[in-house]
Amino acid sequence: MKKIYRDVKDVEKYMKQRIGLEKSFDVGVRHFIVLNKKLQLYFVNGLIDSIIISRILEELVSLNNDERHNKRDVVDVIENRLIHEQVSRVETMDEAVDQILTGLIAIFIDGQKYAFIIDVRNYPGRNPEEPDTERVIRGSRDGYTENIIENTGLTRRRIKDERLRNEMFAIGERSKTDVCISYIEDIANDSFIDVVKQKINEIDTDGIPMADKTLEEFILGGKWSPFPMVRYTERPDVVARHLMDGHVVVFVDTSPTVIILPTTYFNCLEHAEEYRQAPAAGTFIRWIRLFAVLGSLFLLPLWLLFAMEPSLLPPELSFIGPKEEGNVPIALQIILADIGVEFLRMAAVHTPTPLATAMGLIAAVLIGQIAVDVGLLSSEVILYVAISTIGSYVTPSYELSIANKIVKLFLVITTALFGVSGFMIGTLLVLIYLVRLKAFKTPYMWPFIPFDLRGMWHFIMRLPVPLLNIRPEIVHPKNQFSQSNKK
């Protein structure tokens, strides 16, 4: 690593070669003299607060007109005069360049073997607002943004604990993306923290342009599982709760989504709304959500099974099944309708907002009424596909809802091919697959398999918060009991 050049002219030559000074319009330098010393200030436009830089320059240049400072060393002035900013030293050009490209400014002083780094970052971005995918009726309306500094601040605001740790890493040979690991030191398991750090330090890539998702695939080893092996959230209150349970949280700069580790299948079924209502109401909401998720998984395969095998139905449920034979086999109707709904979902995401309403009306007419009139789909298929789709939208985790759709289509195909045995074998294969899944050596189906009575009870029932005085066993917390349980 190159040491800091003592001659600022050499520094300027190096910067021209290294970061494209004078070629890149957003890389800037300011030359000035303070107390008979030549200084150079380097910065990147768009990542800095120009008001703070102007104030720093004004303070430094004004020293030339103050006779009291004429005998002081400029180094002493910078370190002690700029007390309202974070000032640090670096001794290599590589460190200085990395800090400049991160949004800090570097001040080089002629004759000195180190440079001063001052934090004046002001990343472009939006204000915190409620996440679209995690809305609640009551509760906070703030959410994470694309600014990692703001995101850790939103978390710190909720956990004013001196034991909360935010450790920063730079990932990517070219992107040098800021990644922060957050945990509570006396709760989170040390060995798990070390594993997460090791996985992050082992990442060797040009960059992580897709932010949190790219990071997830690196730390999980690029698994092909459709099921989410981490939990994503954009809500600071959800993150605060998991931190106090003993989880480790990973922030990635440029992403409003935070990764929670470790996670299980049942973690992905929880929603903040359940904890914003009374325990009885929260339990009711949770049961309705679980019923909807089960419906999104098994409604279509079961309806297809009963349509193929009416003898399986008791007399009082004989109304289940298609009333008329269509021109297309029932199984194919279900697959076509389900894929058609996915077409609509993708179209809704990519359609400009002013056109979304028109697109929805056209889709309802084409896929709904006309498809039934021409005999392509039966009305029962439309009904059950719609109910199944609503169930998938009720699923709190978008990633889990996509995985459940894949499982649903798999069960539809196995049921269509092999009937009752196909449905049973398909369900068993999915269950075995889920039981075998592990992320960071954490059983994915805990607390169901391996069975944990307390954990399962806490999942089924939304208990009053004062009764939640034991942290989840799955995270192996150093402090098993919550603060409220201490005497």
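75 is the number that the numbering used here gives to position 47 of the sequence shown; each next residue is one higher, with no gaps.
All C-beta atoms, glycine included, are put in the ideal place defined by N, C-alpha and C.
- Taking C-beta separations shorter than 7 Å and ignoring five residues to either side along the sequence, the partners of residue 335 in its chain run 349, 350, 358, following chain order.
- Residues 164, 165, 313 of the same chain have their beta carbon placed closer than 7 Å to that of residue 301, with the five preceding and five following residues left out of the count.
- The Cβ atoms of residue 137 and residue 65 sit closer than 7 Å to each other.
- Closest option to residue 152, judged by alpha-carbon separation, among 173, 140, 139: 173.
- In terms of Cβ geometry, residue 286 and residue 294 do not form a close pair [threshold 7 Å].
- Residues 346, 349 of the same chain have their beta carbon placed closer than 8 Å to that of residue 338, with the five preceding and five following residues left out of the count.
- In this structure, the alpha-carbon of residue 175 lies about 7 Å from that of residue 283.
- Exclusion of the five residues before and after residue 59 leaves 68 as the residues of its chain whose Cβ lies within less than 7 Å of its Cβ.
- If you look at residue 70, you'll find it in the beta strand (DSSP E) that goes 65-72.
- Burial is judged here by how many other beta carbons sit within 10 angstroms of a residue's own beta carbon; residue 88 has at least 16 and is buried.
- Residue pairing for residue 261: DSSP places it in a beta bridge opposite 286.
- Put simply, the backbone Cα of residue 452 is about 14 Å away from that of residue 461.
- The beta carbon of residue 227 lies closer than 6 Å to those of 247 in the same chain, with the five residues before and after it left out.
- With contacts defined as CB atoms closer than 7 Å, residue 332 and residue 443 qualify as a contacting pair.
- Residue nearest to residue 480 within the set 490, 150, 502 is 502 (criterion: CA-CA distance).
- With fewer than 16 other Cβ atoms from the protein chains shown falling within 10 Å of its own Cβ, residue 459 counts as exposed.
- Take the alpha-carbon of residue 190 and the one of residue 216: they are about 14 Å apart.
- Across the structure, residue 398 and residue 407 are spaced so that their CA atoms are roughly 11 Å apart.
- In the structure shown, residue 336 falls within a helical segment according to DSSP collapsed to helix, strand and coil.
- Straight through space, the alpha carbons of residue 317 and residue 261 are spaced by roughly 18 Å.
- If you ignore the 5 residues before and after residue 29, its C-beta comes within less than 6 Å of the C-beta of 120, 122, all in its own chain and listed in chain order.
- Straight-line measurement puts the Cα of residue 325 at about 8 Å from the Cα of residue 420.
- Distance between residue 82 and residue 36, taken at the CA atoms: about 21 Å.
- With 16 or more other Cβ atoms inside 10 Å of its own Cβ, residue 366 counts as buried.
- Around the beta carbon of residue 257, 16 or more other beta carbons sit within 10 angstroms, so the residue counts as buried.
- Taking C-beta atoms as the reference points, residue 210 and residue 277 count as a pair closer than 7 Å.
- Here DSSP, grouped into helix, strand and coil, assigns residue 464 to helix.
- Taking the Cα positions, residue 129 is about 25 Å away from residue 109.
- Buried is the label assigned to residue 467, since at least 16 other Cβ atoms lie within 10 Å of its Cβ.
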